[in-house]
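Residue numbers (my numbering): 47 to 249.
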């Protein structure tokens, strides 16, 4: 019986029966509690195939672009992964650079912010090439990147151009006390323009 259920219905049943499992893109990031799903795969052979398929689909639809050096070789490697899995990806996280320590003077966003050693000016990434391969993207997680980074602005513009089904964008937090001293206007403009595009496309 279970094997005849369409994947969306099966996922809904699992979300009801398995704690911490859900497929919704918003408002929170999806979770995949393997420690609770894998025991179900032991019930019978039929369930094993179903559960493993659910896990595989969930893992294939979630991807992280984590740049640690920004070198050409690293960029090419990331592009290769996107080319292979692009149409399947619904949830994308982009992280540029290493995490800072709390002692840094410019620690004014959340804990997920790259350190000042990240070569922002030298980093050459054609985001159009990335997002043109992500037609099904629904969630874009950018909280690991500085709001003052021009890369975030470029990412938002490219995502709005090529990904018409985005439902959620997560940005880094900004310290309220510093908002008047730092220029966030270009990010606000890019985000508003992107949201207008997604709203008009029915996302």
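Backbone N, C-alpha and C fix where the C-beta goes; we use that ideal spot for every residue, glycine too.
query = If you run the structure through DSSP and keep just helix, strand and coil, what is residue 89?
reply = coil
task = Go through its chain and collect everything with a Cβ distance to residue 187's Cβ below 6 Å, but skip five positions before and after it.
result = 139 and 216
message = For the structure I just gave you, are there three or more beta carbon pairs, one from the stretch 87-94 and one from the stretch 117-125, closer than 8 Å?
response = no
ask   = Are the stretch 177-192 and the stretch 203-218 in contact at 8 Å, needing three or more beta carbon pairs?
value = yes
request  = Decide if residue 129 is buried, meaning its Cβ has at least 16 other Cβ atoms within 10 Å, or exposed.
outcome  = exposed
message = Within 10 Å of its beta-carbon, does residue 236 have 16 or more other beta-carbons around it, so buried, or fewer, so exposed?
response = buried
C-alpha gap between residue 57 and residue 87, whole angstroms = 14 Å
ask   = For residue 193, which of 171, 64, 185 and 234 has the nearest alpha-carbon?
value = Measuring C-alpha to C-alpha distances from residue 193 to each of 171, 64, 185 and 234 identifies 234 as the nearest.
key: Pick from 176, 116 and 142 that is closest to residue 135, judged by C-alpha positions   = Closest option to residue 135, Cα to Cα, is 176.
task = Can you give me the Cβ contacts of residue 232 inside the same chain, cut-off strictly under 8 Å, excluding the 5 residues immediately before and after it?
result = 196 and 199
ask   = How big is the Cα-Cα spacing for residue 119 and residue 132?
value = 19 Å
query = Thinking just about the alpha-carbon of each residue, which of 67, 241 and 169 is nearest to the one in residue 114?
reply = 169
task = Measuring alpha carbon to alpha carbon, tell me which of 90, 190 and 105 ends up nearest residue 112.
result = Cα-wise, what sits closest to residue 112 is 190.
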